[in-house]
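Undergrad:
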Amino acid sequence: MSHSQTTPASNKGVSVMEFRTEEALLKHLIDDIESIPSDPSLEQLCSKAKTSISKTPFWILSAPDEDHTKSNSVEDEFRRLQTLKSYNVLDETFDEDLDRLTAMASRMFDVPIALVSLVDLGRIWCISNRGLGEVRQIPRKDSFCAHAVLSNSKSFIVPDASKDSRFSTNPLVTEGGIRFYGGAPLETPENYRIGNFCLLGTKPRPEGLSEAELMTLVDFAAMAVKVLVDRRYRRDTEIKQDLIVAHTAHDLITPLTGLQMSLNLLNEDVSLTSKMDDEQQELLSTAIVCTDIMSRFCHVTLADLKKVDPPAVTMTSECSLSHSNCHVKDLFRCLHQ
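The opening residue of the sequence shown carries number 1003 in the working numbering; numbering runs sequentially from there.
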């Protein structure tokens, strides 16, 4: 089966991941059409849209079926793409949990291909692919999934693509031999459709899918969404935990630095260490080693997570060192008096 793209695209305006800000994405979408969304908050951004980014409106259907397809406004596409981006799954490797679902669907519906597709700005990204080999993406323009994500119903069925004017010239049909397509949108808790759970076959299905089969396909889509939602939740939780660890490490650095200084001064004071018995000297050595390990752990954690501004940490540490050093010297001066 031939496909025009199998690796992450580098063409400008193909993926929502290319846009670092919401404003940049909105400018790109507005540049594709002449109408402006009515949301006042968006109008302020719309008024700034001056630069032409792309001449090809990937996300606009050339020949939509008005009876079965919803219109797609700038605002709708903007919100949908932002929702898709929040799941952070574009350009990721195949998901094992989703692979199990597509493998099961392929067997259950007796089709050679089952996919979990994500409808990006200008491409269809396959987060799970059963039957298409290593193919990860195909162009979005006028694809099956581009129509399915805008369907008026909970499913989108094409009994024979070779006889459907919307898809008869699609490379998947002309070169890949695809005839049947059945898709159920991936509708997120935010009520946006970010992709599809879809079935593709090389044989026409004049009768489409039965009611029971349609319900099963919709259930597969719901299960796929749950996998994505759970994955996002785990990622967000890990980020929060990393932030807690980073903040804790940052808060510990200052007292640890003072403690290290104090212990080192104690260890270097021969007049004090000479009076210690073996147990006391062992405790002092253990304390020095433990504080050194903790200090290194804190610094490595901060370096890895890159959550703290280095200059700020340096200033705080230097001030703390100076203060701790003077305080410890005063204490020892009193001890010797």
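Backbone N, C-alpha and C fix where the C-beta goes; we use that ideal spot for every residue, glycine too.
None of the values given here were measured: they were computed from a predicted structure.
I need the straight-line Cα distance from residue 1212 to residue 1192, nearest angstrom please.
TA: The residue labelled residue 1212 in the question sits at position 210 within the sequence shown. The residue labelled residue 1192 in the question sits at position 190 within the sequence shown. Roughly 29 Å between the two C-alpha positions.
Undergrad: Distance, Cα to Cα, residue 1172 vs residue 1146?
TA: Mapped onto the sequence shown, residue 1172 falls at position 170. Mapped onto the sequence shown, residue 1146 falls at position 144. Each residue's Cα considered, the two are about 9 Å apart.
Undergrad: Please list the terminal residues of the continuous beta strand (DSSP E) segment that includes residue 1063.
TA: Here residue 1063 corresponds to residue number 61 of the sequence shown, with the count starting at 1. That residue, residue 1063, is in no beta strand (DSSP E); it is neither H nor E in DSSP.
Undergrad: What is the DSSP secondary structure of residue 1108, counted as helix, strand or coil?
TA: What you label residue 1108 is simply residue 106 of the sequence shown in a count that begins at 1. Three-state DSSP puts residue 1108 in a helix.
Undergrad: Fully enclosed by the stretch 1108-1161, which alpha helix (DSSP H) runs are 4 residues long or longer?
TA: DSSP runs (the alpha helix (DSSP H)) wholly in the stretch 1108-1161: 1146-1150.
Undergrad: So for residue 1189, helix, strand or coil by DSSP?
TA: Position 187 of the sequence shown holds residue 1189. In this structure, residue 1189 counts as strand in the three-state DSSP scheme.
Undergrad: According to the neighbour-count rule (16 or more other Cβ atoms, all chains shown, within 10 Å of its Cβ), is residue 1295 buried or exposed?
TA: Numbered from 1 along the sequence shown, position 293 holds the residue referred to as residue 1295. The residue in question, residue 1295, is exposed, as its Cβ has fewer than 16 Cβ neighbours within 10 Å.
Undergrad: Using DSSP with H/G/I as helix, E/B as strand and the rest coil, what is residue 1180?
TA: Within the sequence shown, the letter at position 178 stands for residue 1180. In this structure, residue 1180 counts as coil in the three-state DSSP scheme.
Undergrad: Could you pull the DSSP bridge partners for residue 1199 from this structure?
TA: Taking the first residue of the sequence shown as 1, we reach residue 1199 at position 197. Looking at the DSSP assignment, residue 1199 forms a beta bridge with 1118 and 1186.
Undergrad: With distances taken from CA atoms, which of 1112, 1030, 1095 and 1118 is nearest residue 1104?
TA: Position 102 of the sequence shown, counted from the first residue, corresponds to residue 1104. Looking at the Cα atoms, 1118 is the closest of the given residues.
Undergrad: What's the C-alpha gap between residue 1077 and residue 1016?
TA: As a position in the sequence shown, residue 1077 is number 75, starting the count at 1. As a position in the sequence shown, residue 1016 is number 14, starting the count at 1. So the alpha carbons of these two residues sit roughly 18 Å apart.
Undergrad: Would residue 1069 be called buried (16 or more neighbouring beta carbons within 10 Å of its own) or exposed?
TA: The residue you call residue 1069 lines up with position 67 of the sequence shown. The residue is exposed, with fewer than 16 neighbouring Cβ atoms inside 10 Å.
Undergrad: Leaving out five residues before and five after residue 1286 in sequence, what residues of the same chain have Cβ atoms less than 8 Å from its Cβ?
TA: The residue you call residue 1286 lines up with position 284 of the sequence shown. Taken in chain order, the residues that qualify are 1265, 1268, 1269, 1275 and 1278.
Undergrad: Between which residues of its own chain and residue 1261 is the CB-CB distance below 7 Å, once the five residues before and five after are set aside?
TA: Translated into positions along the sequence shown, residue 1261 becomes position 259. Closer than 7 Å at the Cβ level, and outside the excluded window around residue 1261, lie 1293.
Undergrad: In the structure shown, what three-state DSSP assignment does residue 1020 receive?
TA: In the sequence shown, residue 1020 corresponds to position 18, counting from 1. Three-state DSSP puts residue 1020 in a helix.
Undergrad: My output table needs one value for residue 1071: the three-state DSSP class, helix, strand or coil.
TA: Mapped onto the sequence shown, residue 1071 falls at position 69. In the structure shown, residue 1071 sits in a strand (DSSP, three-state: E or B).
Undergrad: Is the separation between the beta-carbon of residue 1140 and that of residue 1126 shorter than 8 Å?
TA: Walking along the sequence shown from the start, residue 1140 turns up at place 138. Walking along the sequence shown from the start, residue 1126 turns up at place 124. Yes; because the gap between Cβ atoms is below 8 Å, this pair is in contact.
Undergrad: Excluding five sequence neighbours on each side, which residues of the same chain lie with their C-beta closer than 6 Å to the C-beta of residue 1101?
TA: Taking the first residue of the sequence shown as 1, we reach residue 1101 at position 99. 1130.
Undergrad: Residue 1260 by DSSP, collapsed to three states: which one?
TA: In the sequence shown, the residue the question calls residue 1260 occupies position 258. Three-state result, residue 1260: helix.
Undergrad: Tell me whether residue 1092 sits in a helix, a strand or coil according to DSSP, three-state version.
TA: Here residue 1092 is taken as the residue at index 90 of the sequence shown, counted from 1. Coil at residue 1092, not helix or strand.
Undergrad: Along the alpha helix (DSSP H) that carries residue 1273, what are the first and last residues, could you check?
TA: Along the sequence shown, read from residue 1 onward, the residue named residue 1273 stands at position 271. Residue 1273 -> alpha helix (DSSP H) spans 1272-1275.
Undergrad: Going by the C-beta, is residue 1077 closer than 7 Å to any heavy atom of the ligand COA?
TA: Among the components of this structure there are no ligands whatsoever, and the ligand COA is therefore not found.
Undergrad: From this set, 1229, 1217 and 1300, which residue's C-alpha is nearest residue 1254's C-alpha?
TA: Mapped onto the sequence shown, residue 1254 falls at position 252. When only C-alpha atoms are compared, the closest one is 1300.
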